[in-house]
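Engineer:
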Amino acid sequence: MDANESQRPKARDRFLSALNAAIESLNHAKEGPSVAPARNVFGSVSTLLTIVRGSMNMANRTDYVELGLACADICRALDRGMNGEQADRFNGSLFEAIEQLTTTVAEIQSEVDKLGERRAMSRLIHAKDDKDTIAAWKLDLNRILHVFNTELEMNTHVAVLNTQDLASKIHRTLVERQDGADGRNPSTQTSTSGESPPPRPRACFGRGELIEKIVGFAENLTPVALIGAGGIGKTSIALVVLHHDRIKERFGDNRRFIRCDQFPASGPHFLSRLSKAIGAGIENPEDFTPLRPFLSSKEMFIFLDNAESILDPQATNGREIYRLVEELSQFSNICLAITSRITTVPPDCETLEVQTLSTEAAQDTFYRIYKYGKQSGSVSGILEELDFHPLSVVLLATVAHQNRWDNDRLVKEWEERQTGVLQTEHQTSLAATIELSLASLMFQKLGPDAMGILGVVAFYPQGIDEKNLEWLFPTVSDRTHIFDKLCMLSLAYRSNGFITMLAPLRDHLRPKDPKTSPLLCTTKGCYFARLSTKFDTQEGRWIMSEDVNVEHLLDVFASADPSSDDVWYACARFMGYLWWHKPRPTVLRKSIEELSDDNSSKPDCLYGLAYLYGAIGNFTEQALFLGHALKVERERGNDSQVAKILQSLSDSNRVLNRHEEGIDQAREAMGIYERLGRTMDRVGCLASLARLLNAAGQLDAAEEAIAEVFKLLPEKGQEHRVWQLHQTLGDIYHSKGEIEKALYNYKMAVGIASTLGNRNLLFWIQMSLAELFLSEGRLDDAQLSIEQAKPLALDDTYQLGLAVYLQAEIYYRQRRLKDAASEALRAQEIFEKFWHLGDPRLCKALLQIIEEAMQGPPPSVESDTDAPVTGALSSTPQDLESTLGRLSVS
């Protein structure tokens, strides 16, 4: 007999002695408690220990010893609870827990009775099964022991804690294990266990349509993924959906919400967290095998929140977890929903892009929090600058509310700090949300160029045109791959052919010092090189989609390096491109005006700015810029440039009805060109002089000037001048009343302009024809010319305003009063927006149309004295074609 065998009788004797004492104590103690459940527990455990004592000869008696010791520990805990004044504390949650323990011990006792009834041989055969069963009982009783010890200690010091749920879970686990021992599948048993979702957000504005779409997918058990940038509101939407009435009715208590950023990204951790959330009660499952029966037993709605934490394909366990999530999406009785910043979700998921808020929803969100100011346009403007990004709106409102800022202080803080203000006192900030995305392995493995590219995308307001990746990033070999991954990470997104990002992200990620960003400087060089090429009307159309980016680039670098010659040369070129393709006001005006007169590009920038403002109808500003440029060039003694600017000033003064001043300027320019021997430039001045003379009513002198121009022009190669001469002759003959000659010259001008493919020239000729027909009462012909002119006008510009004005006058003559008033009001809005001073005759005519149309029938066509003023287009700019060509000479 070995030493171990010799020690067994002694150990057995010690245990039997302790067991006898425990049974005797229990039998005595059970008569003491006044609370019935406590008496039942003492009695049940006493009986159980008696059975254990009688089973000591079984092959697995050591396990019974451990079971007995666990029961004894429970008895001591209960006995301690019964002493003194603690007896009065057996109520509430502890009372409920005692009832659960009573049931649990009774069930174990029943199973022990069954084992005790077996014959000796049967006991030996089933020893291993007995051992496993008893070990499971021991674990469950140990858990109960821990609960009661904790509960009793809390009763000693503080109010009773709610442990009923935990005791119920232990009880259900034991029942399921017993069911398994009886050959039943525990997963098929109805269970209300599992974690309830967090509460519904108090407010979630502007998401109704999206929520309804998700609810529809859930009702059809279709897996769905909500994709969007950090702070876009995915989690709030998920919680609103989980608490939706139709979802609660469909899934009941089987609605689960799992935050994937609160456990390590590995398969076992994911499965363990899933098991706990759904209430499966399976510890540390290695795969879906033990969970599959439970998952298949009922309909469930499971939301995986912040799934980018586990679905990052570059993570160590990324493939493993992706496979598990994909398998979870395949259960036909489960609706799996995912919120994620990255798009690497199972392919069967319906993907919904979560957008920013609407204007109204952003305002509702802001003012639900912020209580110290009324709604104002300035605050609405800030929300718009934030792209109505939900988290940014909430943070701004929270900071403003906690600091009790009024509207003025809020605007001041925003102007000084921009998105730097978006951090609460509890350190919730936009920066933290963005840095979380940058910390992902998927982003980190893109390499050092990724951060530089992200900064470039953030710098440009429009983002990056996807067609231009190759010429903007020539030094980055895998540029397409990087941009794809930035979109996949929701750090950027595609919009109208551009890859861009939300405004709050732009403000946080753009380079603080643009000159220190190598990739940004590379893109600057690419844009400047493209601006410097020889102007081509077709090739130059690229500026129509990139104008905001180029304008911002010039504005930033003009401030960062005001002495840079290449910036200001590019600025002058940009003015020309903008004038030709997309005339509009520009933020560069202030920088140009403040630029030192000593800068070599100052006159060219002013000249380009002048023609840009002329194109939108602000001829007073145009003359102002030209006057400044003329002063600089006179001081430099640059006669050629002086003559060019004088001719342009004469055209501006013609439009402004300052005819005599314009005539003097045209003649001075002609004298300079004659002295310099530049015949073709002198021809251009003669044409300008002819138009001035026509506008001043000196019709014969105007016709003679045109005749002299034709003599000086070569027979070929001057089409860009000849069309202007024919249009001017048309204007002269129109003023003289020689309509057929006027029509002939206008048609000649149309033919030449069509050959040149210049929509700007064609617009002005069609407008001249429309005015001529209108003055002759040929309303159908006037309407046809207007219809041909409108598509040639740029949207919301001075040109469109003139076309709409003439349309209003045609309607007025046709006695279509409501249509006339509508078009007149529309024209007035365009003029107010773009044409800062306007022609007084046009303004008067517009008001007259509106007033008379509203008051009564118009005067007859024959009685024309009170009709709207025609001939308004005699003051429109006619000499616009050669400007860019002149500018590009330098």
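Numbering (the working numbering), first residue to last: 2 to 891. Note that CB positions come from ideal geometry on N, CA and C, so glycine has one too. Everything numeric in this text was worked out from a predicted model, so none of it was measured.
From the DSSP output, read off the bridge partner residues of Y461.
Structural biologist: Under the DSSP definition of a beta bridge, Y461 lacks any partner.
Engineer: Suppose contacts are defined by Cβ-Cβ distances below 8 angstroms. Is L700 in contact with S736 by that definition?
Structural biologist: yes
Engineer: Any idea if D599 is buried or exposed, counting beta-carbon neighbours within 10 angstroms, 16 or more meaning buried?
Structural biologist: exposed
Engineer: What residues match up with E351 in a beta bridge as DSSP calls it?
Structural biologist: V225
Engineer: Can you look up T290 in the DSSP assignment and give me helix, strand or coil?
Structural biologist: coil
Engineer: Going by beta carbon distance, what residues of the same chain come within less than 7 angstroms of M452, once the five residues before and after it are set aside?
Structural biologist: none
Engineer: What would DSSP say about Y494, mapped onto helix, strand or coil?
Structural biologist: strand
Engineer: To the nearest angstrom, how far is the alpha carbon of R779 from that of A230?
Structural biologist: 60 angstroms
Engineer: Between the Cα of Y734 and those of Q719, I279 and A696, spot the shortest distance and give me the residue it belongs to.
Structural biologist: A696
Engineer: Considering just the uninterrupted stretch of the beta strand (DSSP E) at F258, what are its terminal residues?
Structural biologist: Here the beta strand (DSSP E) through F258 covers R256 to R260.
Engineer: Cα separation between L337 and L329?
Structural biologist: 7 angstroms
Engineer: If the criterion is Cβ atoms closer than 8 angstroms, does the pair W569 and C527 meet it?
Structural biologist: no
Engineer: Along the chain, where does the alpha helix (DSSP H) that runs through M301 open and close?
Structural biologist: Run containing M301: none in the alpha helix (DSSP H); it sits in the beta strand (DSSP E), M301 to D306.
Engineer: Quick one: Cα of V862 to Cα of F711, how far?
Structural biologist: Annotation note: pLDDT 39 at V862 (below 50); position unreliable, no value reported.
Engineer: So, under 8 angstroms CB-CB, F1 and V656 are touching, yes? Tell me the CB distance rounded to an integer number of Å.
Structural biologist: With the chain represented from 2 up to 891, any question about residue 1 goes unanswered, as that position is not in the structure.
Engineer: Which residues in the same chain as G464 place their Cβ atom closer than 6 angstroms to its Cβ, once the five residues preceding and following it in sequence are excluded?
Structural biologist: V458, F499, I500 and T501
Engineer: So, does the region 355-371 touch the region 312-327, judging by three or more C-beta pairs under 8 angstroms?
Structural biologist: No, because fewer than three Cβ pairs between the region 355-371 and the region 312-327 fall closer than 8 angstroms, the two stretches do not touch.
Engineer: Shortest alpha-carbon distance to K516 belongs to which of D562, R507 and A493?
Structural biologist: D562
Engineer: In the DSSP assignment, what are the bridge partners of F499?
Structural biologist: D466 and S496
Engineer: Is it true that the region 577-584 meets the region 541-549, where meeting means three or more beta-carbon pairs spaced less than 8 angstroms apart?
Structural biologist: Cβ pair count under 8 angstroms is three or more, so yes.
Engineer: I'd like to know if the region 289-296 and the region 269-281 are in contact, where contact means that at least 3 CB-CB pairs between them fall below 8 angstroms.
Structural biologist: yes
Engineer: Candidates N497, A644 and A703: which alpha carbon is nearest G678's?
Structural biologist: The shortest Cα separation from G678 among N497, A644 and A703 belongs to A644.
Engineer: Looking at the structure shown, is S341 part of a helix, part of a strand, or coil, going by DSSP?
Structural biologist: strand
Engineer: Looking only at DSSP bridge pairs, what is C336 linked to?
Structural biologist: F302
Engineer: G802 and F774 - do their beta-carbons sit closer together than 8 angstroms?
Structural biologist: Taking the C-beta atoms as reference points, G802 is found no nearer than 8 angstroms to F774.
Engineer: Can you tell me which of the three DSSP states Q617 falls into?
Structural biologist: It is worth fixing the name first, because residue 617 is Ile in this sequence and not Gln. Coil.
Engineer: For G456, I'd like the list of residues in its chain whose CB is within less than 8 angstroms of its CB, leaving aside the five on either flank, ordered along the chain.
Structural biologist: L510, R511, P512, S518, L520 and L521
Engineer: Where in the region 345-402 do unbroken runs of the alpha helix (DSSP H), each at least 4 residues long, occur, reported from the N-terminal end onward?
Structural biologist: 360-370 and 378-386
Engineer: Which residue comes first and which comes last in the alpha helix (DSSP H) that contains E793?
Structural biologist: The sequence as given places Leu at residue 793; Glu does not occur at that position. Careful: L793 lies outside any alpha helix (DSSP H) and carries neither H nor E.
Engineer: Would you give the residue range spanned by the alpha helix (DSSP H) that Q800 belongs to?
Structural biologist: Y799 to R814
Engineer: Identify which residue in L296, Q815, Y812 and A754 has its Cα closest to the Cα of Q719.
Structural biologist: A754
Engineer: Given a cut-off of 8 angstroms, decide if L470 and T481 are closer than it, judged by their beta-carbon atoms.
Structural biologist: yes
Engineer: How many angstroms separate the CA atom of L397 from the CA atom of A363?
Structural biologist: 11 angstroms
Engineer: I'd like the list of long-range same chain contacts for E777, defined as Cβ closer than 7 angstroms, with 5 residues on each side in sequence excluded.
Structural biologist: I740
Engineer: Determine the DSSP secondary structure at T524, reduced to helix, strand or coil.
Structural biologist: helix
Engineer: Are H721 and L693 close, meaning C-beta to C-beta below 8 angstroms?
Structural biologist: no
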